[in-house]
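Colleague: This is the structure, below, for whatever I ask next.
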Amino acid sequence: MNDSQSNRYRYIRFMNDEPYRRFVRANGDLKHQQANTPTSFIMRHGPYVGGLLFRREWITRRKEILLRDQHRCRVCGSSQNLQVHHRQYHFVVRKNQFKLPWEYEDKLLITLCEQCNRKGHRKYKVPTINI
2 MNDSQSNRYR
12 YIRFMNDEPY
22 RRFVRANGDL
32 KHQQANTPTS
42 FIMRHGPYVG
52 GLLFRREWIT
62 RRKEILLRDQ
72 HRCRVCGSSQ
82 NLQVHHRQYH
92 FVVRKNQFKL
102 PWEYEDKLLI
112 TLCEQCNRKG
122 HRKYKVPTIN
132 I
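Here the working numbering = 1-based position in the sequence shown + 1.
Following this line, the structure appears as structure tokens:
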């Protein structure tokens, strides 16, 4: 079983679980190759890929956090380009996947402007907790 601590690589779970495509260079020509995806996946954590950020559950949760933080970045006070940041990620070992973005407690979500969020991700690694 793949888990977030022992596996060096994480795989993105695609909605339809079909093999992804990639191109390889052979003899100077670009050729299409159908790649096989691993049989066991770990859903990659944020930024949440695919439709998760467009789901009603996340939109509602995001609005709650923005309202709590008065539509201001908690670091610099900006009201422009706001994002809701996860302070840590929870990997559910039993399910072999990360929690959905809207399932986190209030204290683990914070409003940041795009610039402060980017600076934070460059400076610190978001911890992943196995639960």
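Glycine included, C-beta positions come from ideal geometry on N, C-alpha and C.
(1) Could you please give the first and the last residue of the uninterrupted alpha helix (DSSP H) stretch that includes residue 67?
(2) Report the residue from 52, 64, 67, 86 whose alpha carbon sits nearest the alpha carbon of residue 118.
(3) Can you check which of these residues, 125, 115, 105, is closest to residue 132 by C-alpha distance?
(4) Mind checking whether residue 130 and residue 91 have CB atoms under 8 Å apart?
(5) Any idea what DSSP makes of residue 48, helix, strand or coil?
(6) Quick check on DSSP: helix, strand or coil for residue 87?
(7) Give me the residue from 122, 128, 114, 53 with the minimum Cα distance to residue 82.
(8) Label residue 110 either buried or exposed according to how many other C-beta atoms from any shown protein chain fall within 10 Å of its C-beta, with 16 as the threshold for buried.
Modeller: So, from the data block:
(1) DSSP places residue 67 inside the alpha helix (DSSP H), whose first and last residues are 57-69.
(2) Across the set 52, 64, 67, 86, the C-alpha of 86 shows the shortest separation from the C-alpha of residue 118.
(3) Of 125, 115, 105, the residue nearest in Cα terms is 105.
(4) Using a Cβ distance threshold of 8 Å, residue 130 and residue 91 count as a contacting pair.
(5) Note on residue 48: pLDDT 47, under 50, position unreliable in the model; the coordinate value appears next. Looking at residue 48 - three-state DSSP - the assignment turns out to be coil, as it is neither helix nor strand.
(6) Note: residue 87 maps to strand in three-state DSSP.
(7) Proximity to residue 82 across 122, 128, 114, 53 peaks at 114, based on C-alpha coordinates.
(8) By the neighbour-count rule (16 or more Cβ atoms within 10 Å), residue 110 is buried.
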